[in-house]
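Novice: All residue numbers for the sequence shown refer to the working numbering, where the first residue is 1 and numbers rise by one. Below is a structure I'd like to ask you about.
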Amino acid sequence: MRKGFTLIELLIVLAIIAALMAVVTPIALNAVRKAKATQVAENIRNIKAAVESYVNIQQDEDLTDLSVASLVNTGYLNSSPGDYYEIWGATQTDVGVYAIDIVYTGTDIDPAEVAKVSQDVVEASNLAVATLTIQKWW
């Protein structure tokens, strides 16, 4: 009697491994996609909090120059979350009320996924956007 595996046995083992990989791979990729969406939503939330702190503490009259880089430079953000985060204009919606959009412009994640993770984020023009409304009190 010979010791070892036959070719048929090896092929069956390979087929089982391939079937398991076919099941596990989409689950793993979905987990990675959700993790990335969660990270983007968390970064947007942190930028939103930094903008709110900046506006309330600095009491700046002109909010049009506000950017992620300026928040990092002034210490309201510890570090830049990446190149794909932007702050789009502070538009005055009412007397003393400003709407500030925090936008993720990256194409590596579906904005709808980010919107599913965070209630603050909506998908607009294929971008993940969170709008912050600030009432000037000074």
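The beta carbon of each residue, even a glycine, is placed where N, CA and C say it ideally should be.
Counting only runs that start and end within the segment 60-98, where is the alpha helix (DSSP H) found for 4 or more residues in a row?
Specialist: Those alpha helix (DSSP H) runs which fall completely within the segment 60-98 and span 4+ residues are 68-73.
Novice: Mapping the DSSP letters down to three states, classify THR6 as helix, strand or coil.
Specialist: Counting from 1 along the sequence shown, the entry for residue 6 is found at position 6. Of the three classes helix, strand and coil, the one that applies to THR6 here is coil, per DSSP.
Novice: Output yes or no for whether 9 Å exceeds the beta carbon distance between VAL72 and LEU63.
Specialist: For the purposes of this step, residue 72 is taken as residue 72 along the sequence shown, with counting starting at 1. For the purposes of this step, residue 63 is taken as residue 63 along the sequence shown, with counting starting at 1. Result no, Cβ atoms of VAL72 and LEU63 do not sit closer than 9 Å.
Novice: Bridge partners for GLN135 per DSSP, in chain order?
Specialist: As a first step, residue 135 must be located in the sequence shown, where it is residue number 135. GLN135 pairs with VAL97.
Novice: In whole angstroms, what separates the C-alpha of PRO111 from that of ASP60?
Specialist: Residue 111 sits at position 111 when you count from the first residue of the sequence shown. Residue 60 sits at position 60 when you count from the first residue of the sequence shown. When rounded, the distance between both Cα atoms is 31 Å.
Novice: What distance in whole Å lies between the Cβ atoms of ALA90 and ILE102, which are believed to be in contact at a cut-off of 8 Å?
Specialist: Position 102 of the sequence shown, counted from the start, is the residue given in the question as residue 102. Position 90 of the sequence shown, counted from the start, is the residue given in the question as residue 90. Actually they are not in contact, since the Cβ atoms of ILE102 and ALA90 sit about 11 Å apart, beyond 8 Å.
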